[in-house]
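K.L.:
For reference, the structure I am asking about is given below.
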Amino acid sequence: MAHQMLLGTLRTNVLTDPTRATGGRAASPRSSARIGRGKIALAAISDDYLPMRSTESKNRTSKGDITSLRLITAVKTPYLPDGRFDLEAYDYLINMQIEGGAEGVIVGGTTGEGHLMSWDEHIMLIGHTVNCFGTRIKVIGNTGSNSTGEAVHATEQGFAVGMHAALHINPYYGKTSTEGMIAHFKAVLPMGPTIIYNAPSRTGQDIPPPVIEALSSHPNIAGVKECVGHERVKCYTDKGISVWSGNDDECHDSRWKYGAIGVISVTSNLVPGLMHSLMHEGENATLNEKLLPLIKWLFCEPNPIPLDTALAQLGVARPVLRLPYKALPLEKRVEFVRIVDAIGREHFIGNREARVLDDEDFVSICR
530 MAHQMLLGTL RTNVLTDPTR ATGGRAASPR SSARIGRGKI ALAAISDDYL
580 PMRSTESKNR TSKGDITSLR LITAVKTPYL PDGRFDLEAY DYLINMQIEG
630 GAEGVIVGGT TGEGHLMSWD EHIMLIGHTV NCFGTRIKVI GNTGSNSTGE
680 AVHATEQGFA VGMHAALHIN PYYGKTSTEG MIAHFKAVLP MGPTIIYNAP
730 SRTGQDIPPP VIEALSSHPN IAGVKECVGH ERVKCYTDKG ISVWSGNDDE
780 CHDSRWKYGA IGVISVTSNL VPGLMHSLMH EGENATLNEK LLPLIKWLFC
830 EPNPIPLDTA LAQLGVARPV LRLPYKALPL EKRVEFVRIV DAIGREHFIG
880 NREARVLDDE DFVSICR
């Protein structure tokens with residue numbers, strides 16, 4: 530009986546207020562007529578009432594809160610031998626970022642292997658991170674896709690589970706025009722604070738400045754993660770557009786000489802305290818030079834292969850890699866131990882000594 534009464538109320542509300550059936554938008558004459566005949570009122574409720582709409586205010590933070598972040602870590606996703614996420618190890622990694630001074634984390638980005646996850650896994654991990662750490666660190670979910678529809682759906686879900694901002698890459702493989710890029714980003718921007726990610730070495734297509742400039746007046750654009758280099762960083766900072774360096778080997782100069790806000794970093798997975806110092810304590814060429822051998826090593830093969838290997842060598846993640854990634858060869862693992870000794874083990878996360886490990890210690894999974 531109560532269910533029937535509620536259903537009757539919903540029908541009445543939709544019939545007397547057509548905007549209720551369209552998520553607050555004025556109904557078209559066609560839709561009003563159809564609702565007036567009482568034939569699709571419930572369908573309208575199902576389509577527009579239940580999912581989170583991009584026009585609703587669901588944000589947990591403001592754009593300004595995102596543009597204040599100097600060190601954002603593109604955090605690694607560790608695995609159990611059966612292919613599931615190792616949430617105990619993941620939580621340890623996030624805690625180490627917080628203790629080391631990182632102010633934000635990218636969940637399920639390139640480093641976090643979001644491209645190897647199902648969307649169910651992806652949104653679950655974003656929600657888990659928000660639930661456990663969202664009051665202590667900003668959670669930026671990578672909900673980008675080469676499919677605009679998929680990016681919209683994932684971003685709605687990400688904000689629904691509480692992420693503070695979204696990271697969006699331009700459509701890859703099936704590349705598009707300048708106008709197509711702008712339309713793609715405009716489709717996701719209404720949902721909340723957004724960082725646009727330009728990594729042409731991965732997407733096969735640069736996001737040219739006219740695209741960013743066309744979007745820069747949108748109230749939800751927090752800025753750009755830029756991997757092209759210093760000149761592109763300066764191009765944006767001269768126009769008042771916020772930029773994070775996407776290249777660890779350039780981030781010191783981008784921050785202190787070219788006006789970048791900070792860095793979205795891979796290296797901070799291992800040495801968050803040192804990367805925090807690099808972004809917060811003024812120019813420090815000595816520290817930058819000290820970190821360059823580690824940064825060079827971390828990109829000796831495509832990210833995240835070296836990072837996956839390093840975290841296993843430090844004993845903070847199991848030596849389990851999702852295919853198509855395979856651990857670095859023995860000589861590179863030996864080199865990593867030497868780098869740790871040179872920088873100082875105390876600066877790296879974890880409590881165990883860095884080990885070389887044997888080839889057979891590493892497990893490859895395809896789930």
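My numbering applies: residue 530 is where the sequence shown begins, and numbers increase by one. Just so you know, even glycine gets a beta-carbon here, dropped at the ideal spot from N, CA and C. This structure is a prediction, so every number in the text was calculated from the model and none was measured.
(1) Buried or exposed, going by whether 16 or more other CB atoms sit within 10 Å of the CB of TYR702?
(2) I need the straight-line Cα distance from TRP773 to ILE824, nearest angstrom please.
(3) Would you give the residue range spanned by the beta strand (DSSP E) that VAL849 belongs to?
(4) Would THR838 be called buried (16 or more neighbouring beta carbons within 10 Å of its own) or exposed?
(5) Here's the rule I'm using: 16 or more other beta-carbon atoms within 10 Å means buried, otherwise exposed. How should GLY663 be labelled?
(6) Between LYS704 and the rest of its own chain, which residues show a CB-CB distance below 8 Å, the 5 nearest in sequence each way excluded?
(7) With distances taken Cα to Cα, identify the nearest neighbour of HIS651 among ILE741, VAL795, LYS605, ILE790.
(8) By DSSP, does GLY844 sit in helix, in strand, or in coil?
(9) Report, in whole angstroms, the separation of the C-beta atoms of ILE669 and GLY633, which I expect to be a contact under 8 Å.
(10) Measuring only the C-alpha atoms, how far is SER746 from LYS592?
(11) Counting only runs that start and end within the stretch 738-789, where is the alpha helix (DSSP H) found for 4 or more residues in a row?
(12) Identify whether ALA694 lies in helix, strand or coil by the three-state DSSP scheme.
(13) Let me make sure I understand the geometry here. Which of PHE865, ALA841, LYS786 has the alpha-carbon closest to that of LEU821?
(14) Using 8 Å as the cut-off, can you tell me whether the stretch 717-733 makes contact with the stretch 678-695, which would need three or more C-beta pairs spanning the two stretches below that distance?
(15) Between the stretch 606-626 and the stretch 837-856, are three or more C-beta pairs nearer than 8 Å?
(16) Under a Cβ-count criterion, where at least 16 other Cβ atoms within 10 Å of its own Cβ denotes burial, should GLY775 be classed as buried or exposed?
(17) Helix, strand or coil, according to DSSP, for ALA728 in the structure here?
(18) Grouping DSSP H, G and I as helix and E and B as strand, with all else coil, what is SER797?
(19) Would you mind giving the Cβ-Cβ distance between SER794 and ALA603, rounded to the nearest angstrom? I have them listed as a contact below 8 Å.
(20) Please report the Cβ distance between ILE897 and ILE601, rounded to the nearest whole angstrom; I am assuming they are in contact, meaning their Cβ atoms lie under 8 Å.
(21) Tell me the DSSP secondary structure of ALA716 in three-state form.
P.N.:
Reading it off the structure:
(1) On the sequence shown, residue 702 is found 173 positions in, with the first residue counted as 1. With fewer than 16 other Cβ atoms within 10 Å, it is exposed.
(2) Translated into positions along the sequence shown, residue 773 becomes position 244. Translated into positions along the sequence shown, residue 824 becomes position 295. Using only the alpha carbons, I get a separation of about 17 Å.
(3) Stepping through the sequence shown from its first residue, residue 849 is reached at position 320. Unbroken beta strand (DSSP E) run through VAL849: 849-851.
(4) As a working note, residue 838 is residue 309 in the sequence shown. Label assigned to THR838: buried.
(5) Counting from 1 along the sequence shown, the entry for residue 663 is found at position 134. Buried.
(6) In the sequence shown, counting from the first residue as 1, residue 704 sits at position 175. Sequence-distant partners of LYS704 (beyond 5 residues in either direction) whose C-beta falls short of 8 Å from its own C-beta, in its chain, are THR732, GLY733, GLN734.
(7) Translated into positions along the sequence shown, residue 651 becomes position 122. The option with the nearest alpha carbon to HIS651 is LYS605.
(8) Within the sequence shown, the letter at position 315 stands for residue 844. It is coil, neither helix nor strand.
(9) As a working mapping, residue 669 is identified with position 140 in the sequence shown. As a working mapping, residue 633 is identified with position 104 in the sequence shown. Sure, about 6 Å apart at Cβ, within 8 Å.
(10) Numbered from its first residue, the sequence shown carries residue 746 at position 217. Numbered from its first residue, the sequence shown carries residue 592 at position 63. The straight-line gap from Cα to Cα measures roughly 12 Å.
(11) Taking only runs of at least 4 residues, the alpha helix (DSSP H) segments lying wholly in the stretch 738-789 are 738-744, 759-766, 780-786.
(12) Taking the first residue of the sequence shown as position 1, residue 694 is located at position 165. Three-state DSSP puts ALA694 in a strand.
(13) Here residue 821 corresponds to residue number 292 of the sequence shown, with the count starting at 1. That would be PHE865, whose Cα lies nearest to the Cα of LEU821.
(14) By the criterion of at least three beta-carbon pairs nearer than 8 Å, the stretch 717-733 is in contact with the stretch 678-695.
(15) Contact between the stretch 606-626 and the stretch 837-856 is present, because at least three Cβ pairs lie under 8 Å.
(16) Numbered from 1 along the sequence shown, position 246 holds the residue referred to as residue 775. The residue is buried, with at least 16 neighbouring Cβ atoms inside 10 Å.
(17) Translated into the one-based positions of the sequence shown, residue 728 becomes position 199. The three-state secondary structure of ALA728, taken from DSSP, is coil.
(18) Looking up residue 797 in the sequence shown gives position 268. Of the three classes helix, strand and coil, the one that applies to SER797 here is helix, per DSSP.
(19) Locating residue 794 in the sequence shown gives position 265, where the first residue counts as 1. Locating residue 603 in the sequence shown gives position 74, where the first residue counts as 1. Confirmed, about 7 Å.
(20) Nothing about residue 897 can be reported from this structure: the residues present for the chain run from 530 to 896 only.
(21) Residue 716 sits at position 187 when you count from the first residue of the sequence shown. Three-state result, ALA716: helix.
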